[in-house]
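With our numbering as the guide, the letters of the sequence shown map in order to residues 8 to 527. Ideal placement from N, C-alpha and C gives every residue a C-beta, glycine not left out. Down below is the structure, laid out as structure tokens.
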Amino acid sequence: MMNTNIRRGVVAIGLFIGLLLLFGVILYQNYSRINSNLTKMVMSRRLAISRMLEQSVAARLNAIVSLANSISSNPKVSSAILAGKWESAITEVRELAKIPVYEDPFITRIVLLDAAGISQKDEPALEGQLGKNSSEFPWFKKIAAGENIVVSGVYKRSAVPQINIISVASAVRDKGELLKGVVVLQIPAERFLGLLDKVELGQGGFAYITDDLGHVVAHPNHDVNAEIVDFSGVASVQSALRGESGVQEAYNQVDGEMRVAAYGQVPEYKWTVVVVEPSQSAFAERDSILSQFIYIFIGIVILSGAIAALAYYYLGQRNIKTPESITQKGFTLIELLVVIAIVAVLAVVVILTLNPAELIKQARDSNRLSDLSTLRSALSLYMTDVVSPNLASSSVGYAGCYLSTTQGNGTTSAKCGVFSGTGITTVVSTTAANYTKVDSTGWLPVKFDSLTIGSPIGSLPIDPLNNSAYFYAYAASSTTMTFELDAFLESNKYRSTYPVTDGGNRSDVYEIGSAPGLSL
Numbered sequence: 008m009m010n011t012n013i014r015r016g017v018v019a020i021g022l023f024i025g026l027l028l029l030f031g032v033i034l035y036q037n038y039s040r041i042n043s044n045l046t047k048m049v050m051s052r053r054l055a056i057s058r059m060l061e062q063s064v065a066a067r068l069n070a071i072v073s074l075a076n077s078i079s080s081n082p083k084v085s086s087a088i089l090a091g092k093w094e095s096a097i098t099e100v101r102e103l104a105k106i107p108v109y110e111d112p113f114i115t116r117i118v119l120l121d122a123a124g125i126s127q128k129d130e131p132a133l134e135g136q137l138g139k140n141s142s143e144f145p146w147f148k149k150i151a152a153g154e155n156i157v158v159s160g161v162y163k164r165s166a167v168p169q170i171n172i173i174s175v176a177s178a179v180r181d182k183g184e185l186l187k188g189v190v191v192l193q194i195p196a197e198r199f200l201g202l203l204d205k206v207e208l209g210q211g212g213f214a215y216i217t218d219d220l221g222h223v224v225a226h227p228n229h230d231v232n233a234e235i236v237d238f239s240g241v242a243s244v245q246s247a248l249r250g251e252s253g254v255q256e257a258y259n260q261v262d263g264e265m266r267v268a269a270y271g272q273v274p275e276y277k278w279t280v281v282v283v284e285p286s287q288s289a290f291a292e293r294d295s296i297l298s299q300f301i302y303i304f305i306g307i308v309i310l311s312g313a314i315a316a317l318a319y320y321y322l323g324q325r326n327i328k329t330p331e332s333i334t335q336k337g338f339t340l341i342e343l344l345v346v347i348a349i350v351a352v353l354a355v356v357v358i359l360t361l362n363p364a365e366l367i368k369q370a371r372d373s374n375r376l377s378d379l380s381t382l383r384s385a386l387s388l389y390m391t392d393v394v395s396p397n398l399a400s401s402s403v404g405y406a407g408c409y410l411s412t413t414q415g416n417g418t419t420s421a422k423c424g425v426f427s428g429t430g431i432t433t434v435v436s437t438t439a440a441n442y443t444k445v446d447s448t449g450w451l452p453v454k455f456d457s458l459t460i461g462s463p464i465g466s467l468p469i470d471p472l473n474n475s476a477y478f479y480a481y482a483a484s485s486t487t488m489t490f491e492l493d494a495f496l497e498s499n500k501y502r503s504t505y506p507v508t509d510g511g512n513r514s515d516v517y518e519i520g521s522a523p524g525l526s527l
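Okay, structure coming up:
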């Protein structure tokens with residue numbers, strides 16, 4: 008009897024372990040796949056945000072550099088400086104400032120230096136500026152060495168109030184290339200905080216900018232006019248200073264938390280941008296989805312245990328002999344059917360309650376929300392950077408409803424079954440060879456690679472399924488220069504919340520963009 012019980016126990020335990028391993032392997036594969044996909048999505052999203060911030064900083068610096076060159080090369084300004092007539096030079100600068108094309112919200116002062124780096128005139132005039140020697144500043148040394156335009160790092164200005172500034176210096180030289188003077192545009196470091204305000208991150212997330220030495224230009228958690236902070240020892244800043252770009256998760260010893268940091272270098276100027284978010288916030292959606300796998304595993308354990316217990320009981324019944332039925336072994340047919348029914352009910356309850364398919368749908372929906380957010384940011388940056396933005400293709404124009412699929416959306420609606428605008432009359436799809444391109448031949452027909460320093464995204468995202476039921480759609484208006492991006496969500500969790508609260512005019516479609524009421 009003892010040996011029989013041992014054998015029963017071994018068989019039951021073996022069955023339990025076998026079922027646990029079988030279901031566990033399947034569960035682990037799904038867990039790993041979803042974890043990997045959602046982690047990559049979070050990382051790529053932060054890297055895209057970093058890239059867009061690079062573009063914003065570069066666009067602002069490019070505009071200021073261009074303005075500095077325009078002022079220093081203006082015939083009246085340059086002639087006065089070459090003649091050493093500083094009062095005339097600053098008067099001409101004041102006249103230029105009245106012309107809208109010479110206005111820039113970042114620039115607050117203009118200083119004129121002589122060839123020795125001595126301040127001769129400033130506009131507006133501030134105490135402590137005139138007569139100051141700037142020859143020891145690194146940016147002036149570069150000008151003296153032969154460079155024509157130099158963007159400085161952040162430093163404390165000599166004029167009162169002594170705030171942290173960035174200077175863009177443009178040389179004025181004679182025909183023999185001899186330095187005669189320098190036009191210096193001063194930008195308060197706090198102006199760059201406005202660029203950081205546009206960065207969309209989760210709770211506790213922030214972005215910051217450093218100069219080419221790793222000194223903080225703008226940081227939401229640091230007083231921009233206090234002593235200059237050196238971040239050159241921060242790992243992500245070090246990588247960016249070397250010209251690298253990437254994203255990493257690391258432990259922050261100061262705040263005692265894991266953080267995701269995306270970083271990159273602003274081309275030409277060698278400034279750096281870093282986008283930081285606590286891991287708990289960055290991966291909140293991923294962790295919420297993955298945490299449900301715990302309950303699935305518990306359900307598998309219970310189900311496997313129930314099957315093993317029934318097997319143990321069944322094996323015991325086979326060896327019981329009673330006076331009523333000395334030869335009876337095992338279950339009767341009815342008992343076997345009851346056992347099978349119990350196991351089936353347990354399995355169905357586990358599957359319906361925990362619903363692993365729903366988790367996979369949630370993962371795909373999370374990806375959709377991230378993709379559309381990235382596209383919206385890229386479109387906003389494009390409209391800011393490009394002088395005459397075109398939000399539609401050259402062939403179809405603003406009458407098109409543009410789809411991420413290559414075969415249309417399976418409907419006969421000229422508005423993709425999504426948009427309601429009267430001007431949208433044509434469904435537009437592109438080929439599989441082109442649909443992720445950012446040169447206006449992709450499914451979203453905007454020429455992102457026409458931005459000042461290149462496209463903010465490497466390729467156009469497409470729907471995870473990208474078929475006739477689930478796809479991305481885009482439309483724009485030529486009169487208001489607004490746009491709308493749409494996606495269809497498939498999980499119960501996302502479908503019941505996001506389309507209802509996105510501010511759009513349809514409760515069955517997730518809509519974001521810049522169009523009023525999202526009613527294109």
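Nearest-angstrom beta carbon gap, residue j and residue i [assumed within contact, 8 Å]
i	j	result
Val-280	Ala-214	7 Å
Asp-111	Ile-71	6 Å
Arg-53	Ala-269	4 Å
Ile-367	Ile-41	7 Å
Ala-289	Val-267	4 Å
Val-7	Val-175	The chain is shown only over 8 to 527; residue 7 falls outside these bounds and no answer can be derived.
Arg-198	Lys-187	Their Cβ separation, rounded to whole angstroms, is 29 Å, which puts Arg-198 and Lys-187 out of contact at 8 Å.
Gly-511	Leu-525	4 Å
Ala-96	Leu-60	Actually they do not touch by this definition, with Cβ atoms about 36 Å apart.
Leu-34	Ile-305	At roughly 11 Å, the Cβ-Cβ gap does not stay under 8 Å, so Leu-34 and Ile-305 are not in contact.
Gln-62	Leu-388	6 Å
Cutoff 6 Å; reference residue i; Cβ partners in own chain excluding five residues on either side
i	result
Ser-485	Tyr-405
Leu-27	Ser-311
Thr-334	Caution is warranted here: a pLDDT of 45 is assigned to Thr-334, below 50, making its placement in the model unreliable, and no coordinate value can be reported.
Ile-125	Asn-140
Gln-272	Ala-247, Gly-250 and Thr-279
His-226	Tyr-215
Ser-528	No information on residue 528 is available, as it lies outside the stretch 8 to 527 that the chain covers here.
Ala-166	Leu-133, Gly-135 and Gln-136
Leu-200	Ala-225
Phe-426	Cys-408, Ala-482 and Leu-527
Leu-220	Gly-160
Among the options, nearest to residue i - alpha-carbon criterion
i	options	result
Lys-277	Gly-21, Leu-68 and Ile-33	Leu-68
Ala-3	Arg-15, Asp-204, Ala-19 and Leu-366	It is not possible to answer for residue 3, since the shown part of the chain is limited to 8 through 527.
Met-390	Gly-407, Val-282, Ser-521 and Arg-116	Ser-521
Tyr-479	Thr-489, Ser-466, Thr-487 and Asp-493	Asp-493
Pro-168	Arg-116, Arg-180, Leu-202 and Lys-187	Arg-116
Asp-446	Asn-171, Pro-463, Ser-165 and Ser-142	Pro-463
Phe-455	Ala-440, Leu-317, Arg-371 and Arg-383	Arg-383
Pro-285	Val-49, Ser-43 and Gly-16	Val-49
Glu-143	Gly-135, Tyr-162 and Asn-232	Tyr-162
Asn-44	Val-435, Ser-373 and Gly-511	Ser-373
Asn-232	Lys-205, Gln-193 and Ile-170	Ile-170
Pro-396	Thr-438, Thr-413, Lys-444 and Leu-458	Leu-458
Ala-439	Gly-153, Asn-81, Thr-413 and Thr-448	Thr-413
Pro-523	Lys-500, Val-516 and Thr-487	Thr-487
For residue i: DSSP bridge partner residues
i	result
Trp-278	Val-273
Lys-148	None; Lys-148 has no bridge partner.
His-222	Asp-237
Phe-213	Val-283
Phe-490	Ala-483
Pro-195	Ile-172
Ser-177	Ile-156 and Val-190
Tyr-38	DSSP, once it has assigned bridges, lists no residue as partnering Tyr-38.
Arg-266	Ala-257 and Pro-285
Cys-408	Val-434
Asp-121	Gly-188
Glu-518	Asp-493
Arg-116	Gln-193
Asn-140	Ile-125
8 Å CB neighbourhood of residue i in its chain, flanking five on each side removed
i	result
Ser-380	Arg-52, Glu-207 and Ile-519
Gly-25	none
Ala-65	Val-273, Pro-274, Glu-275, Tyr-276, Thr-459 and Ile-460
Contact set for residue i: own chain, Cβ-Cβ below 7 Å, skip 5 residues either direction
i	result
Thr-217	Val-223, Val-224, Phe-238, Val-244, Trp-278 and Thr-279
Leu-386	Val-453 and Phe-490
Ala-411	According to the sequence provided, residue 411 is Ser. The question's Ala does not apply to it. If we look at Ser-411 and ignore the five residues flanking it on each side, its Cβ neighbours are Tyr-442, Trp-450, Ile-469, Asp-470, Asn-473, Phe-478 and Tyr-479.
Pro-370	Residue identity differs from the one stated: residue 370 is Ala in this sequence, not Pro. Hits under 7 Å: Ile-41, Asn-44, Leu-45 and Ile-296.
Gly-228	Rather than Gly, the amino acid found at residue 228 in this sequence is Asn. Cβ neighbours of Asn-228 beyond the five flanking positions: Phe-213.
Chain C contact for residue i (CB, 8 Å cutoff)
i	result
Gly-212	Of the chains in the structure shown, none is chain C; there is only one protein chain.
### Query
Do three or more CB pairs link the region 122–133 to the region 204–212 at distances below 8 Å?
no
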